[in-house]
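There are 2 protein chains.
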Amino acid sequence: MPRQFPKLNISEVDEQVRLLAEKVFAKVLREEDSKDALSLFTVPEDCPIGQKEAKERELQKELAEQHSVETAKRKKSFKMIRSQSLSLQMPTQEWKAPSISSLPSPVTPVLPGVGQSVQEPFTVPEFQRVTISEDYCAGVTVDDYEQAAKGLVKALRIREKYCRLAYHRFPRTTAQYLCTMQDEKWKMEDEVCPDFHPPPGKLENPYNLDDAPGNLDYVVKMQGGILFVYDNKETMKLNEPRSLPYPDLVTYTLDLSHVLALIADGPTKTYCHRRLNFLESKFSLHEMLNEMSEFKELKSNPHRDFYNVRKVDTHIHAAACMNQKHLLKFIKRTYKTESNRIVAEKEGKKMTLKQVFESLHMDPYDLTVDSLDVHAGRQTFHRFDKFNSKYNPVGASELRDLYLKTENYLGGEYFARMVKEVARELEENKYQYMEPRLSIYGRSPDEWQNLATWFIEHKVYSPNIRWVIQVPRIYDIFRSKNLLASFGKMLENIFLPLFEATVNPTDHRELHLFLKYVTGFDSVDDESKHTDHMFSNRSPNPDIWTSEKNPPYSYYLYYMYANIMVLNNLRKIKITSRPQKEGPKPEPTQVLLPWSPVLQYLYYLAQIPIAMSPLSNNSLFLEYSKNPLREFLHKGLHISLSTDDPMQFHYTKEALMEEYAIAAQVWKLSTCDSCELARNSVIQSGLSHKEKQKFLGVNYYKEGPEGNDIRKTNVAQIRMAFRYETLCNELSFLSDAMKSEEITALSKESQHQETSQSSS
Amino acid sequence: MPRQFPKLNISEVDEQVRLLAEKVFAKVLREEDSKDALSLFTVPEDCPIGQKEAKERELQKELAEQHSVETAKRKKSFKMIRSQSLSLQMPTQEWKAPSISSLPSPVTPVLPGVGQSVQEPFTVPEFQRVTISEDYCAGVTVDDYEQAAKGLVKALRIREKYCRLAYHRFPRTTAQYLCTMQDEKWKMEDEVCPDFHPPPGKLENPYNLDDAPGNLDYVVKMQGGILFVYDNKETMKLNEPRSLPYPDLVTYTLDLSHVLALIADGPTKTYCHRRLNFLESKFSLHEMLNEMSEFKELKSNPHRDFYNVRKVDTHIHAAACMNQKHLLKFIKRTYKTESNRIVAEKEGKKMTLKQVFESLHMDPYDLTVDSLDVHAGRQTFHRFDKFNSKYNPVGASELRDLYLKTENYLGGEYFARMVKEVARELEENKYQYMEPRLSIYGRSPDEWQNLATWFIEHKVYSPNIRWVIQVPRIYDIFRSKNLLASFGKMLENIFLPLFEATVNPTDHRELHLFLKYVTGFDSVDDESKHTDHMFSNRSPNPDIWTSEKNPPYSYYLYYMYANIMVLNNLRKIKITSRPQKEGPKPEPTQVLLPWSPVLQYLYYLAQIPIAMSPLSNNSLFLEYSKNPLREFLHKGLHISLSTDDPMQFHYTKEALMEEYAIAAQVWKLSTCDSCELARNSVIQSGLSHKEKQKFLGVNYYKEGPEGNDIRKTNVAQIRMAFRYETLCNELSFLSDAMKSEEITALSKESQHQETSQSSS
């Protein structure tokens, strides 16, 4: 049965939610740079008066509640439910995680002994646990608690729906709790995972073009910005596309509205803020109590330490993956050994390398890292405009074209050679991997083919590299230069070649091969730039988006996301949209993540992968020690460390190690912390199932200590148990609240009886 | 004419100074760990009440001064002197530094055009200067100003005296000002510099034992802890030693008293505190105004950038110079390739490598960085006791003996091999040097010979390494185990072999050769440990120091220093005592430097080299971002960056680059800042005159921009000019004050005249 995207109807959604979302959106746009823009999403922590007022209001509410018989009853039932789920959450002496193959029974998510585990036994050493008795979230009124929980569960369901249909990862534990809440049975078969191509064996030729499967001879056509696949020309004429799911515009914008409205919802904000604070304090306690026990685990773990656990650089620009000294040395080397080689063509005139430098009045011997100027000096802070121009060595785009591009007179040979030098170092290091970004601009339909040719011709394959495609959101620039007729054309240039290589691989052998090593999409732009268009179901479709204005981020995301979803349902080998830019989230998310408690808490509950690059952020936006990485890690968000841009920000040849070293030093991370970050990075990465099993343990896809093989990850089982139990505890709050509807009904009934009794 | 040490007589010193010093010392001892111990040395910055009171007192003083005719006159003359020296300090458009061959005339230290410079011309680009008009140190009364200046000048003279006689470096500019103050002419001939052995040429054999000069057949004998050199046995019998200078006990302890008393002197504290604050703010202004100009200089400086300026790791332990991963790999490699080799002997039984590991119940394959346990985890903070035991891999001293010692069954082969692997990396890197510490304990007279044998046998020489000898201050431990009869014996074991190799090199060819590559002495101990003995001229001499108590730091220092001074006056190739531990300074200096404004200001004026290792301090004592490195650098202290202990604190193979990278990231150092640190490190190092000329420029020993070759150092001339002019400005305050004695005399005279006139 074809998987279909569940459609929403406008009438199903509370009109108020939509209005609120529009208000939120408008406010963000209007007050972009002012501090006020944040006020909608934040809690008044910095403002003592605001804080005092808020407290006063809370107190009044609570007092009012005390006088209500009904509320008192509901409160009491909550406490009962809570103490029940809490007592069931307490693990016995011998830690046993819930078996994954059997759904935890509704009220006993961590009940020991339920179900039979078929995996090899694992143990968790004893450790000290932090539990709060009688807690159902002190300081939040019953009504607020219920409202927040409902909103959060709804947002999680939205996330789950999109992940499932696009073959993105959604955490099993959260999925199980969501099932429990609606009395459904969680089924392993329903779980989807991104399925990445395993690397070729050691004796296999990674450039083998002969194993492309036969053409399906399907026909692909874009309509309104979405690609449709037809069995043949006839069905195309009849407008009968194959049934492949994608979110329709109305549903998407409604879901978006819900999330936006939730971000600004008062009770939800308060609730999330409190839970996040709790998570942070709980980790501090855990650390104090169990630091030595965790460390003992690591010390007695043979052979494995931080140096030989696998780590993936989950976010790095290919054109910046070599550090500046490397680029400089490479330039000097080429000048020394091949200065008479023809390397460029300018206005029909062929130029040798020597002539290129002469035309720039430059002697490579004199070149320095300072004059190369790809390093983000202190002048670059807060200046995104300057930042982008930095990518031109010596301010000369000629050198950028020659050395850092895949398309030029040399067919990108120099760039390929440098990337391969970086790859050789990774391979020698053995434990480090990276996912560099290559750009597809959508300016021309040939870009994909050219990239594939570059990859194969210069043999850029490395077992330690998976590729991510980055799409700069610069339609406006191309349109203003008349390089594109509409936004739809750009989408077509980006996606049509992918579909064609998928349905007719024999006709597109090179691209088909290259796509095996591409694991994701990413999208970038100057995030301080905004358009004033609010994306809604009334927005013009891409075919008629011919204005010079750039569409908003959410518009880009919707069309990229929808097409990736269709594509993934068509392909066996999946492609994800990547961590930082994942999912149907509105513009403000990236900038606001540190400040919006609601988003942060949702990222936690759904364990949405986040790749953070404190060194790169340090120089651009945020002082290093103020970077929220440590805080996020403590709270339990799914963080990995990445370098982003070694050319600008890293001094040594081991950029990723430098990133870890500085984080460990500044925030005094323990070995267990560092290894947890490394483990997260492998999980987030586009490495194949087989590789992940090899690097993390055969059960890596299971959550909690059961999914951890300390012999491979060097992450303490105590840490894994703490994370897992903590997530279960947070989710149980939501499921407790969802049970409350019954309780409310019950309590109202009994109240009704009482009233009728007293009146009689 | 023999150089002799000028003796002081007790009666020459104000008894009060001695009493104060004793009080200071006693207070430090008594209140070691309490915050009060610092109060003597600090200004009450953190305490608002104290601060307010202090301000009140200052105001009263100033008001009192205003009513005094005499003070008003003196104040006026100061302002006149000041405006004069200030106007003379203003450089003309074309910056020209004072010629070094001619002494700057008394009131014109930076007068342009004085003397003829024979060096190649150098230029300083125009830049914006910060000057304060009518400034002779606002907020300090005339009396206090004079008192502080006199004390500081006296301390500088003490420092100069010791440097000169021990062949240590003293900054030329400061020396010139000191001359000016007593109307003496500074002579280049009087300047002494440490003279380090140049490395052998590329074709020369660094282990050539044949070029030892003939024996002098002098006789050396220790008396009262000092070594005396006699022409022959007859003169020894007659007790007629060669005339070699060393500070006698009385002089040394009196000098020490003066410095100690000065540290606690109220007006001096206030004055230094104000000057240091001024220096810091002045640099901030300079940075704001000239950052871009400095950067422009660097950008237009061909070929040279931060990566290819020379940098020396000025403080690093040889047994920790490889990072932990390196040590681990080396252990595993030896086990794989030579497990059947006999590597140890225990109770007469020879053991293979395999047997050693078996006896420890260990399989090297299982070993990890965590189990190796040489990394300073978070448990080590503030725990010096634990810290020391960390040096035993896997807590097993057997492994430490086998892999990290120069004396063992293998003659230190493994240790030598690892050091050589580190050396090869430095040589390949080309621009990095290091000065690792090797220990001489003074437990046995053979230690030096053994070390020399280790060095020659395993061919440990590297052009990128100079060696520093570290003497742990652990007499008490040796004495308690009855390994030494007295402290004098320890001193003899440390110094006698050096003297014998110096006077009779033919008889000690190996040690004579090794000493060519040794450039300094260093001394270490747990600095939180203290004895209650106060060093004075009444302290027992080392021959009769037979107690089990450890002598105080100052006692150790005096005897080491005195013997090094005698030795250096005997040798052509000099040996210094090293940066962190230099000179005749009392115990509290190291710990107190960040808190004592007087010491800090003296370190500034005398440009005393300081090697800082923020990463190592980060883990042990101080949070990284709170490390005073940035503050010290801004104030203009002579700072270099060093790693101290890569085995514990560094992740990458490029430890020194990692140290620079983190400092640059956390404190946002500019390229110019980093290059200034690198330049300082070369100046502080024991590299030879020839090498320093090659690495820094032929005039490197000159101060200010004249001594800088930007083509080699990549330090902006603007920065050099700023540093130089600022130092001159600070020194001119002192010389202005010294002129005041004449003025005071003059003013008193005129006052006398006025009085007599009015009375007549």
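Those protein sequence lines, which keep their order, are chains A and B. Residue numbers for the first sequence follow the numbering used here, beginning at 1 and rising by one. Residue numbers for the second sequence follow the numbering used here, beginning at 761 and rising by one. Note that beta-carbon positions come from the ideal geometry of N, C-alpha and C, so glycine has one too.
Inset, instruction - To the nearest angstrom, report how far apart residue 1040 of chain B and residue 1394 of chain B are at their CA atoms. - result: For the purposes of this step, residue 1040 of chain B is taken as residue 280 along the second sequence, with counting starting at 1. For the purposes of this step, residue 1394 of chain B is taken as residue 634 along the second sequence, with counting starting at 1. C-alpha separation (whole angstroms): 6 Å.
Legend entry - Contacts of residue 1041 of chain B in chain A (Cβ-Cβ under 8 Å): Within the second sequence, numbered from 1, the residue matching residue 1041 of chain B stands at position 281. None at all; the shortest Cβ gap to chain A is about 19 Å.
Legend entry - Bounding residues of the alpha helix (DSSP H) (the contiguous stretch that carries residue 144 of chain A): Here the question's residue 144 of chain A lines up with position 144 in the first sequence. Taken as a continuous stretch (DSSP letters only), the alpha helix (DSSP H) holding residue 144 of chain A covers 142-166.
Inset, instruction - Could you check what DSSP says for residue 172 of chain A in three-state terms: helix, strand or coil? - result: Locating residue 172 of chain A in the first sequence gives position 172, where the first residue counts as 1. The answer is helix: DSSP assigns residue 172 of chain A an H, G or I state.
Legend entry - Distance, residue 1130 of chain B Cα to residue 1159 of chain B Cα: For the purposes of this step, residue 1159 of chain B is taken as the residue at position 399 of the second sequence. For the purposes of this step, residue 1130 of chain B is taken as the residue at position 370 of the second sequence. Whole-angstrom Cα-Cα distance: 15 Å.
Legend entry - Inter-residue spacing [alpha-carbon to alpha-carbon] between residue 642 of chain A and residue 234 of chain A: Numbered from its first residue, the first sequence carries residue 642 of chain A at position 642. Numbered from its first residue, the first sequence carries residue 234 of chain A at position 234. If you take the alpha carbons of residue 642 of chain A and residue 234 of chain A, they lie about 49 Å apart.
Inset, instruction - Within its chain, find whatever has a CB closer than 6 Å to the CB of residue 1079 of chain B; leave out the 5 residues flanking it on each side and keep chain order. - result: Counted from its first residue, the second sequence places residue 1079 of chain B at position 319. Excluding positions up to five away in sequence, the list reads 1164.
Legend entry - Cα-Cα separation, residue 704 of chain A to residue 326 of chain A: Here residue 704 of chain A refers to the residue found at position 704 when the first sequence is read from its first residue. Here residue 326 of chain A refers to the residue found at position 326 when the first sequence is read from its first residue. Between residue 704 of chain A and residue 326 of chain A, the C-alpha separation is close to 41 Å.
Legend entry - 9 Å Cβ cutoff met for residue 1411 of chain B and residue 661 of chain A: Working through the second sequence from its first residue, we reach residue 1411 of chain B at position 651. Working through the first sequence from its first residue, we reach residue 661 of chain A at position 661. Taking 9 Å as the Cβ cut-off, residue 1411 of chain B and residue 661 of chain A qualify as a contacting pair.
Inset, instruction - May I ask which residues mark the beginning and end of the beta strand (DSSP E) holding residue 888 of chain B? - result: Here residue 888 of chain B is taken as the residue at index 128 of the second sequence, counted from 1. Looking at the DSSP string, residue 888 of chain B is not in any beta strand (DSSP E), and its letter there is neither H nor E.
Legend entry - Selection from A/63, A/130, A/158 that minimises the alpha carbon distance to residue 5 of chain A: Your numbering for residue 5 of chain A matches position 5 in the first sequence. When the alpha-carbon of residue 5 of chain A is set against those of A/63, A/130, A/158, the nearest one is in A/158.
Inset, instruction - Would you kindly work out how many angstroms separate the C-alpha atoms of residue 22 of chain A and residue 545 of chain A, rounded to a whole number? - result: The residue you call residue 22 of chain A lines up with position 22 of the first sequence. The residue you call residue 545 of chain A lines up with position 545 of the first sequence. For residue 22 of chain A and residue 545 of chain A, the gap between their C-alpha atoms comes out near 21 Å.
Legend entry - Meets three-Cβ-pair contact criterion under 8 Å: the segment 1172-1181 of chain B and the segment 1217-1232 of chain B: With a cut-off of 8 Å, the segment 1217-1232 of chain B and the segment 1172-1181 of chain B count as touching, because enough Cβ pairs lie within range.
Legend entry - Rounded distance between the beta-carbons of residue 160 of chain A and residue 170 of chain A, thought under 8 Å: Here the question's residue 170 of chain A lines up with position 170 in the first sequence. Here the question's residue 160 of chain A lines up with position 160 in the first sequence. Contact holds; Cβ gap of about 5 Å.
Legend entry - DSSP-derived helix/strand/coil call for residue 940 of chain B: Reading the second sequence from its first residue, position 180 is the one you call residue 940 of chain B. Residue state, collapsed to three classes: helix.
Legend entry - Min CB distance residue 1085 of chain B to chain A below 9 Å: Walking along the second sequence from the start, residue 1085 of chain B turns up at place 325. For residue 1085 of chain B, the answer is yes, since a Cβ of chain A falls inside 9 Å of its Cβ.
Legend entry - Simplified DSSP state of residue 261 of chain A, which is helix, strand or coil: To locate residue 261 of chain A, count along the first sequence from 1; it is residue 261. When secondary structure is reduced to three states using DSSP, residue 261 of chain A falls in the helix class.
Inset, instruction - Return helix, strand or coil for residue 520 of chain A, following the three-state DSSP convention. - result: Walking along the first sequence from the start, residue 520 of chain A turns up at place 520. Three-state result, residue 520 of chain A: strand.
Inset, instruction - Would you mind sorting residue 909 of chain B into buried or exposed? The rule is 16 or more other CB atoms within 10 Å of its CB. - result: Taking the first residue of the second sequence as 1, we reach residue 909 of chain B at position 149. So residue 909 of chain B ends up on the buried side.
Inset, instruction - Identify, in the order they occur along the chain, each residue of the same chain with its Cβ nearer than 6 Å to the Cβ of residue 1469 of chain B, setting aside the five sequence neighbours on each side. - result: Sequence index remark: in the second sequence, residue 1469 of chain B carries index 709 (1-based). So the qualifying residues of the chain are 1457.
Inset, instruction - Kindly list, in the order they appear in chain B, the residues whose Cβ is closer than 9 Å to that of residue 625 of chain A. - result: Counting from 1 along the first sequence, the entry for residue 625 of chain A is found at position 625. Those are 1384, 1385, 1426, listed as they occur along chain B.
Legend entry - Close-in-space but distant-in-sequence residues of the same chain around residue 427 of chain A (CB under 8 Å, 5 per side omitted): Indexing the first sequence from 1 puts residue 427 of chain A at position 427. If the five residues before and after residue 427 of chain A are omitted, its C-beta is found closer than 8 Å to the C-beta atoms of 462, 463, 464, all from its own chain and listed in chain order.
Inset, instruction - For the segment 648-663 of chain A, enumerate the residues whose C-beta is nearer than 9 Å to any C-beta of chain B, in chain order. - result: Listed by position, the residues of the segment 648-663 of chain A near chain B (Cβ gap below 9 Å) are 649, 650, 651, 652, 653, 654, 657, 658, 660, 661, 662.
Inset, instruction - May I have the straight-line CA-CA distance separating residue 963 of chain B from residue 1070 of chain B, to the nearest angstrom? - result: Working through the second sequence from its first residue, we reach residue 963 of chain B at position 203. Working through the second sequence from its first residue, we reach residue 1070 of chain B at position 310. Distance between the alpha carbons of residue 963 of chain B and residue 1070 of chain B is about 23 Å.
Inset, instruction - Can you pull the chain B residues whose beta carbon is under 9 Å from the beta carbon of residue 695 of chain A, in chain order? - result: If you number the first sequence from 1, residue 695 of chain A lands on position 695. The contacting residues do not exist; residue 695 of chain A stays about 17 Å from chain B at best.
Inset, instruction - Please report how far the alpha carbon of residue 508 of chain A lies from the alpha carbon of residue 482 of chain A, in whole angstroms. - result: Position 508 of the first sequence, counted from the first residue, corresponds to residue 508 of chain A. Position 482 of the first sequence, counted from the first residue, corresponds to residue 482 of chain A. Cα-Cα distance, rounded: 29 Å.
Legend entry - Burial state of residue 833 of chain B, where buried means 16 or more other Cβ atoms lie within 10 Å: Start at 1 with the first residue of the second sequence, and residue 833 of chain B comes out as number 73. So residue 833 of chain B counts as buried.
Legend entry - residue 438 of chain A: first and last residue of the uninterrupted beta strand (DSSP E) it sits in: The count along the first sequence starts at 1 and reaches residue 438 of chain A at position 438. Its beta strand (DSSP E) spans residues 432-439.
Inset, instruction - Tell me whether residue 228 of chain A sits in a helix, a strand or coil according to DSSP, three-state version. - result: Numbered from 1 along the first sequence, position 228 holds the residue referred to as residue 228 of chain A. Here residue 228 of chain A sits in strand by DSSP.
Inset, instruction - Check the Cβ-Cβ distances between residue 313 of chain A and every residue of chain B, and say whether any is below 9 Å. - result: Position 313 of the first sequence, counted from the first residue, corresponds to residue 313 of chain A. It does not: the Cβ of residue 313 of chain A has no partner Cβ on chain B nearer than 9 Å.
Legend entry - Within 9 Å of chain A by C-beta, residues of the segment 1045-1079 of chain B in sequence order: For the segment 1045-1079 of chain B, which is checked against every Cβ of chain A, the residues closer than 9 Å are 1051, 1052, 1055, 1058, 1059, 1060, 1061, 1062, 1063, 1064, 1065, 1066, 1067, 1068.
Inset, instruction - Quick one: list the residues of chain B neighbouring residue 615 of chain A, beta-carbon separation under 7 Å, in chain order. - result: Taking the first residue of the first sequence as position 1, residue 615 of chain A is located at position 615. Correct list: 1425.
Legend entry - Below-9 Å beta-carbon distance, residue 1400 of chain B vs any chain A residue: Working through the second sequence from its first residue, we reach residue 1400 of chain B at position 640. The C-beta of residue 1400 of chain B comes no closer than 9 Å to any C-beta of chain A.
Inset, instruction - Could you confirm whether any beta carbon from chain A is found closer than 9 Å to the beta carbon of residue 1474 of chain B? - result: Numbered from 1 along the second sequence, position 714 holds the residue referred to as residue 1474 of chain B. It does; some Cβ of chain A falls within 9 Å.
Inset, instruction - Sort A/228, A/548, A/245 by Cα distance to residue 238 of chain A and report the nearest one. - result: Here residue 238 of chain A is taken as the residue at index 238 of the first sequence, counted from 1. Ranking A/228, A/548, A/245 by Cα distance to residue 238 of chain A puts A/228 first.
Legend entry - Pick from A/732, A/671, A/681 that is closest to residue 715 of chain A, judged by C-alpha positions: Residue mapping note: residue 715 of chain A aligns to position 715 of the first sequence, counting from 1. Of the candidates A/732, A/671, A/681, the one whose C-alpha sits nearest the C-alpha of residue 715 of chain A is A/671.
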